[in-house]
Amino acid sequence: MNTNKIFARAFNFFRHWKVRENRVTLIEKLDTGGVGSLFDIQKECERRGLPLSFHVIRHSDYEVSLRNLPGLFALFTKKAYYMATSAHIFLNDNFMPMAYMDIAPETTVVQLWHGMGSFKKFGGSTDLEPELLAELKQVNENVTHILASSEHIRENYAEAFCVPEGKVLAIGCPQADYYFRKHNVQAIRERLEQQFPQLKGRKLALYAPTFRDDEQRDRELLSHFDFERFERECGDEYCLAVRLHPQIQSSKVPEQVPNLTGWPDVRELLLATDLLIADYSSIAVEYSLLERPILLYAFDKKWYLDQDRGFYYDYEETAPGPILTTMDDLCASVRQQSWDIGKVRAFARLHNDYFDSQSARRVAEFYFPPGCMGAEDAPEGAGTFANEENQRKEKIQNMKIIAGLGNPTDKYKGTRHNVGFMAIDKLSEALGIAVNQHKHKAMTGSGFIAGQRVLLMKPLTYMNLSGESIRAAADFYKVEPEDILIIYDDISLDPGMLRIRKKGSAGGHNGIKSIISHLGCDTFPRIRVGIGGEKHPGQDLADYVLGHFSGEEKEKLDEALENVVKAAELIAMDEIDEAMNRYSVGKKKRAKKNEEV
Numbered sequence: 001m002n003t004n005k006i007f008a009r010a011f012n013f014f015r016h017w018k019v020r021e022n023r024v025t026l027i028e029k030l031d032t033g034g035v036g037s038l039f040d041i042q043k044e045c046e047r048r049g050l051p052l053s054f055h056v057i058r059h060s061d062y063e064v065s066l067r068n069l070p071g072l073f074a075l076f077t078k079k080a081y082y083m084a085t086s087a088h089i090f091l092n093d094n095f096m097p098m099a100y101m102d103i104a105p106e107t108t109v110v111q112l113w114h115g116m117g118s119f120k121k122f123g124g125s126t127d128l129e130p131e132l133l134a135e136l137k138q139v140n141e142n143v144t145h146i147l148a149s150s151e152h153i154r155e156n157y158a159e160a161f162c163v164p165e166g167k168v169l170a171i172g173c174p175q176a177d178y179y180f181r182k183h184n185v186q187a188i189r190e191r192l193e194q195q196f197p198q199l200k201g202r203k204l205a206l207y208a209p210t211f212r213d214d215e216q217r218d219r220e221l222l223s224h225f226d227f228e229r230f231e232r233e234c235g236d237e238y239c240l241a242v243r244l245h246p247q248i249q250s251s252k253v254p255e256q257v258p259n260l261t262g263w264p265d266v267r268e269l270l271l272a273t274d275l276l277i278a279d280y281s282s283i284a285v286e287y288s289l290l291e292r293p294i295l296l297y298a299f300d301k302k303w304y305l306d307q308d309r310g311f312y313y314d315y316e317e318t319a320p321g322p323i324l325t326t327m328d329d330l331c332a333s334v335r336q337q338s339w340d341i342g343k344v345r346a347f348a349r350l351h352n353d354y355f356d357s358q359s360a361r362r363v364a365e366f367y368f369p370p371g372c373m374g375a376e377d378a379p380e381g382a383g384t385f386a387n388e389e390n391q392r393k394e395k396i397q398n399m400k401i402i403a404g405l406g407n408p409t410d411k412y413k414g415t416r417h418n419v420g421f422m423a424i425d426k427l428s429e430a431l432g433i434a435v436n437q438h439k440h441k442a443m444t445g446s447g448f449i450a451g452q453r454v455l456l457m458k459p460l461t462y463m464n465l466s467g468e469s470i471r472a473a474a475d476f477y478k479v480e481p482e483d484i485l486i487i488y489d490d491i492s493l494d495p496g497m498l499r500i501r502k503k504g505s506a507g508g509h510n511g512i513k514s515i516i517s518h519l520g521c522d523t524f525p526r527i528r529v530g531i532g533g534e535k536h537p538g539q540d541l542a543d544y545v546l547g548h549f550s551g552e553e554k555e556k557l558d559e560a561l562e563n564v565v566k567a568a569e570l571i572a573m574d575e576i577d578e579a580m581n582r583y584s585v586g587k588k589k590r591a592k593k594n595e596e597v
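One point on numbering: in the working numbering, the residue at position 574 of the sequence shown is 574, and numbering is uninterrupted.
What follows is the structure, given as structure tokens:
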């Protein structure tokens, strides 16, 4: 029984009725128990007093059984009618009947997606069967917008949903608002302890593995976790509980282990969790918002990484915590507390742009502006989002590029000529922007500086051909030369000195010559970092710049790179004059220094 096509036929029949401006359908394809982004938007609209009528299609409505005959009848009649006549439709998963639906042009369809960020690949980013891929494309032709939690992941979502990037809006994930509000965590703990007394007096370690797209492996999943050993070695401090992914139906949780799979709101569980043990699941993205310890128990890492699904970013480089493949390592890490909150923060910032409780407001106000449908008394602060969004979109559309020049491969790592790469590494660390995507003949990473979208770049073309990479990125993002900041080495400046200029000639630097040649102008800002230490008698200039810094020079360089970060942030915010006043010095040539001696 193909319920997808039957429901689509019913929908298309009811399309002859008029679309109602105040009617909204929520499609809970992935059962969340009435919580999550779909219902957070409903609550926000109700809070704002909007006269909307909400109707819900749940996953359970699709159950084909005798006991659900009334539900199926309601699905193909009443619910199909409500959906066909809704002005707004919100989804939390791909809804395959939409591939065969004739949706009204005045109806807005919004995909909220149930997972945050873009950790492991899904949908069109994976090796789908041709028929399923074609159906997915048909579904998303009917989708107006897909909402994402970060500008970083818009391109990934466009690929996953088989849509142009322009359909993906990074205005936040409403279900994340929960983590930035005040909650009575003690009350949540007490409810958990009442149901699972073994939690009393101990911290909660939650093991939350994801599915493997392989029924046999899903069935054997928990057999790879030694629950008795964890209790024996770590049980004095931690009580281990399990929450399985909804798609894992066949794996059995041991009786002595608290099974939290059925707990209605995963956000409550995460709020009460002291340590998350994940593997490849996007649950780590949500938990990272709390900036608490994360360990990744990836006992089948080699097998998983060899599969077609894969990850959007390098799994090992961007992981929010240690990746452990054995119970020996896992138990030792728990006992020794060998997690890294810095990695957790960087992971959170890779997948999220908004660290507030306002995403539901942003979404509600985007689709239901103040004053719509007679809602005169909007809450305080409503209406500000339209202006904020216009300003934000302008900054996003005007991408700025920050590129550091150098030579790729480990051979040149840490050399004087690679100080531009070192500066990008420092910016990456300071801004929480992972530079791990291979694009435009460079390693790149995108993020924000004070709301301004920026692309960090390390060209892989080798120094003398840097212009090829810079031009490719500038053309792709339509960036003017004035919005391209280049950071590079300058042998005429002493170590630790910076010189900042709005434009200028190459000054004999081959990387800058290449950029000027490819851009056709020299009107791009630049930060020159001094590398002019003492050469040995008879030492060739090329050998010198490809050599490493001395100990004393490294100390000066570290301070200089800290200032590069601050200066680059100011320049990204159109404050180059301020950056020059604070951090730039006049050229101090070696010859002048020798004269003073």
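Just so it is clear, CB atoms sit at the ideal spot from N, CA and C, and this is done for glycine as well.
Quantities reported herein were computed from a predicted structural model and do not represent experimental measurements.
So, is T409 buried or exposed, given that buried needs 16 or more other C-beta atoms within 10 angstroms?
exposed
L460 classed as buried or exposed, judged by whether at least 16 other C-beta atoms fall within 10 angstroms:
buried
With DSSP as the reference, please indicate the residues paired to R229 in a beta bridge.
Per DSSP, none; premise fails for R229.
Between T273 and L206, which are expected to be in contact by the criterion C-beta below 8 angstroms, what is the C-beta distance as a whole number of angstroms?
4 angstroms
Between which two residues does the beta strand (DSSP E) containing S599 stretch?
Only positions 1 to 597 of the chain appear in this structure, which leaves residue 599 out of reach.
Using a 10 Å radius around the Cβ and a threshold of 16 neighbouring Cβ atoms, would you call H183 buried or exposed?
exposed
Note the first and the last residue of the continuous alpha helix (DSSP H) segment covering L271.
V266 to A272
Please list the segments of the alpha helix (DSSP H) lying wholly inside the stretch 448 to 520, counting only runs of 4 or more residues, in order along the chain.
466 to 477 and 510 to 519
Helix or strand or just coil, what does DSSP make of Q216?
helix
If you compare alpha carbons, which of L69, L147, H16 and L91 is closest to T85?
H16
Between L350 and N94, what straight-line distance do the alpha-carbon atoms span, to the nearest angstrom?
24 angstroms
Are there 16 or more other CB atoms within 10 angstroms of the CB of N156, so buried, or fewer, so exposed?
buried
Whole runs of the alpha helix (DSSP H) within the stretch 301 to 343, excluding any shorter than 4 residues
301 to 306, 315 to 318 and 327 to 336
On the three-pair Cβ rule with 8 angstroms, is the stretch 435 to 451 touching the stretch 148 to 155?
yes
Closest to T325 by C-alpha separation, out of Q337, W339 and K301, would be which residue?
K301
Is the distance from the Cβ of T25 to the Cβ of H55 below 7 angstroms?
yes
Below 8 angstroms on the Cβ atoms is my guess for T210 versus S281; work out the distance and round it to an integer in Å.
4 angstroms
Whole-angstrom Cβ separation of Y179 and L290, contact assumed at under 8 angstroms?
6 angstroms
Could you have a look at K29 and say whether DSSP puts it in helix, strand or coil?
coil
Whole angstroms is fine: what's the gap from A8's alpha carbon to T77's?
11 angstroms
Would you give the residue range spanned by the alpha helix (DSSP H) that L38 belongs to?
S37 to R47
Using 7 angstroms as the threshold, is the C-beta distance between A579 and A567 below it?
yes
Name the one or two DSSP bridge partners that C173 has.
Beta-bridge pairing links C173 to no other residue.
Run through the stretch 92 to 134 for me and flag every whole beta strand (DSSP E) of 3 or more residues, listed as ranges in chain order.
108 to 111
Alpha helix (DSSP H) segment containing G551, residue limits
G551 to A572
Return helix, strand or coil for E21, following the three-state DSSP convention.
strand
If V143 and V109 are in contact, beta carbons under 8 angstroms, what's the gap, nearest whole angstrom?
5 angstroms
Less than 7 angstroms between C-beta atoms, sequence neighbours within five positions excluded: which residues of the same chain meet that for E237?
R202 and K203
Would H145 pass as a contact of L169 if the rule is Cβ separation under 7 angstroms?
yes
S514 to T415, Cα distance in whole Å?
20 angstroms
Check whether the Cβ atoms of P320 and A360 sit closer than 7 angstroms, and answer yes or no.
no
Mind checking A187: buried by the 16 CB within 10 Å criterion, or exposed?
exposed
On a CA-only basis, which of L305, P525, L276 and W303 is nearest L296? Give me that one, please.
L276
Do you know whose CA, among A473, R528 and G508, lies nearest R499's CA?
R528
Taking just the CA atoms, how far does L427 sit from L75?
53 angstroms
Quick one: complete beta strand (DSSP E) runs, 3+ long, within the stretch 133 to 215?
145 to 147 and 203 to 207
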